[in-house]
Amino acid sequence: DLPWAIIRLIQRAGRVDRIDQSSEKIYCYSFFPADEVEKIISLRTRLNKRINENAGIVGSDEVFFEGNEQNLRDMYNEKSGSLDGDDDDVDVDLGSFAYQIWKNATDANPKLKNIIPAIPNIAYSTKAATNISENGVITYARTYNDFDVLTWYNSEGDIVSQSQNRILQAMACTINEPCLPAQENHLALVEKAVKGIKNENTNVGGILGSRFSTKRKIYELLNHYYEQPLTLFNTQEKKELLKFAIDQIYNNPLLENSKFILGRMMRTGNTHDDIVDTVIEMYENANLCRVDEDKTKHKDPVIICSMGLKA
């Protein structure tokens, strides 16, 4: 079957299951053609093209994965983390996902409505991990401009994942989950997480979102444009305005309307000059980002809580 024709695969498995099937499992196989076969049928080429066309036709602001060969192979082989990066606008946003967890928990146990809000900031605990690769600490912090950020470092101080949904799922447990002794470097990993949130590289992953988000793509496009030499049209005045717009995008969430317009311009192949001019116009008219001046006075992230994972 063609790779990732997932609906067809499900339908096919369903038909097999209906024909008096007694096996507990049904296996569906999909494959990449060998290079020599690829030259004849061009399956991988057509798959790349289809992925990119679908992104434009559907009109989504986000592309879930880029259609290059390595990404396709990583996903086909179910490489761990190949679909990470769904922490911004891809899939369910962090706030909605977390709220649903809260609602389910408080519906099942209304006492939690009083217990959880009474827990002070910087509280921490430790639960059992499902495997040793999950050993580490998850830190929940809030940035000065009200972004909620989850970071997950392993015991060696390396990032395990930046996928907000995956991190939430790793913390999932019942109310009867036993509390384990904290790891010796628990607080050190929390400290590293907080420093990482303030660090530019981590901010790009957390505040700008995944490498597929509209905000990240606009930010990178503008930065690249800013580095270009001055021309008749790219004047010093325009460059200074662009720098202010870049800083505002980095530190603040895009307004929904500006995000929609800029995302559509990128998908429909507008020139970089057109996109930059639109961004500058939005910036000058205060239609680019949601800015709260009071929130920018306090620059340090606030630690809400942290959870250790120990196998």
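Number 313 marks the last residue of the sequence shown (the working numbering); no jumps.
No residue lacks a Cβ here, since even glycine has one placed at the ideal position from N, Cα and C.
Only counting the same chain, and skipping five residues up and downstream in sequence, which positions put a Cβ closer than 6 Å to that of residue i?
i: K316; result: This structure leaves residue 316 out entirely; the chain is present only between 3 and 313.
i: G208; result: Its pLDDT being 42, under 50, G208 is placed unreliably by the model, and the measurement read from it follows with that caveat. The answer, listed in chain order, is V151.
i: D249; result: none
So, are the CB atoms of residue i and residue j less than 7 Å apart?
i: I169; j: L182; result: no
i: I292; j: L257; result: The residue asked about is misnamed: residue 292 is Arg in this sequence, not Ile. Yes, the Cβ-Cβ distance between R292 and L257 is below 7 Å.
i: E184; j: T128; result: What sits at residue 184 in the sequence shown is Ala, not Glu. For A184 and T128, yes; Cβs fall inside 7 Å.
i: A100; j: L311; result: no
i: I220; j: L264; result: yes
i: I199; j: P112; result: no
i: L114; j: A120; result: no
i: M284; j: M173; result: no
Where does residue i fall in DSSP's three states?
i: A120; result: coil
i: A130; result: strand
i: K312; result: strand
i: R144; result: strand
i: N106; result: helix
i: V281; result: helix
i: K113; result: coil
i: C307; result: strand
i: S163; result: strand
i: V196; result: helix
i: T153; result: strand
i: L256; result: strand
i: A288; result: coil
i: A247; result: helix
i: A184; result: coil
i: A174; result: coil
i: G138; result: strand
i: N205; result: With a pLDDT of only 42 at N205, under 50, the local geometry of the prediction cannot be trusted, and the value read off the model is given with reservation. Helix.
i: D302; result: coil
Can you list, in chain order, the residues of its chain with a C-beta nearer than 8 Å to that of residue i? Leave out the 5 residues immediately preceding and following it.
i: Q238; result: L232
i: I305; result: N123, I124, T141, Y142, A143, V192 and V196
i: I133; result: The residue asked about is misnamed: residue 133 is Asn in this sequence, not Ile. These residues qualify, in order along the chain: A313.
i: M267; result: D276, I277 and T280
i: E286; result: L243
Between residue i and residue j, which are expected to be in contact by the criterion C-beta below 8 Å, what is the C-beta distance as a whole number of angstroms?
i: I282; j: A247; result: 6 Å
i: Y126; j: C307; result: 6 Å
i: L223; j: I251; result: No, L223 and I251 are not in contact; Cβ-Cβ is about 11 Å, not under 8 Å.
i: N187; j: S157; result: 7 Å
Take residue i and list the residues in its own chain whose beta-carbon comes closer than 7 Å to its own, dropping the five residues that flank it on each side.
i: K245; result: Y228
i: N236; result: Q230
i: N254; result: N147, C291, R292 and V293
i: K194; result: Y155 and G159
Quiz item: Should the stretch 226-243 be regarded as contacting the stretch 276-295, the criterion being three or more beta carbon pairs within less than 8 Å?
Solution: Yes: the two stretches touch, three or more of their Cβ pairs being nearer than 8 Å.
Self-check item: Meets three-Cβ-pair contact criterion under 8 Å: the stretch 156-164 and the stretch 130-138
Solution: yes
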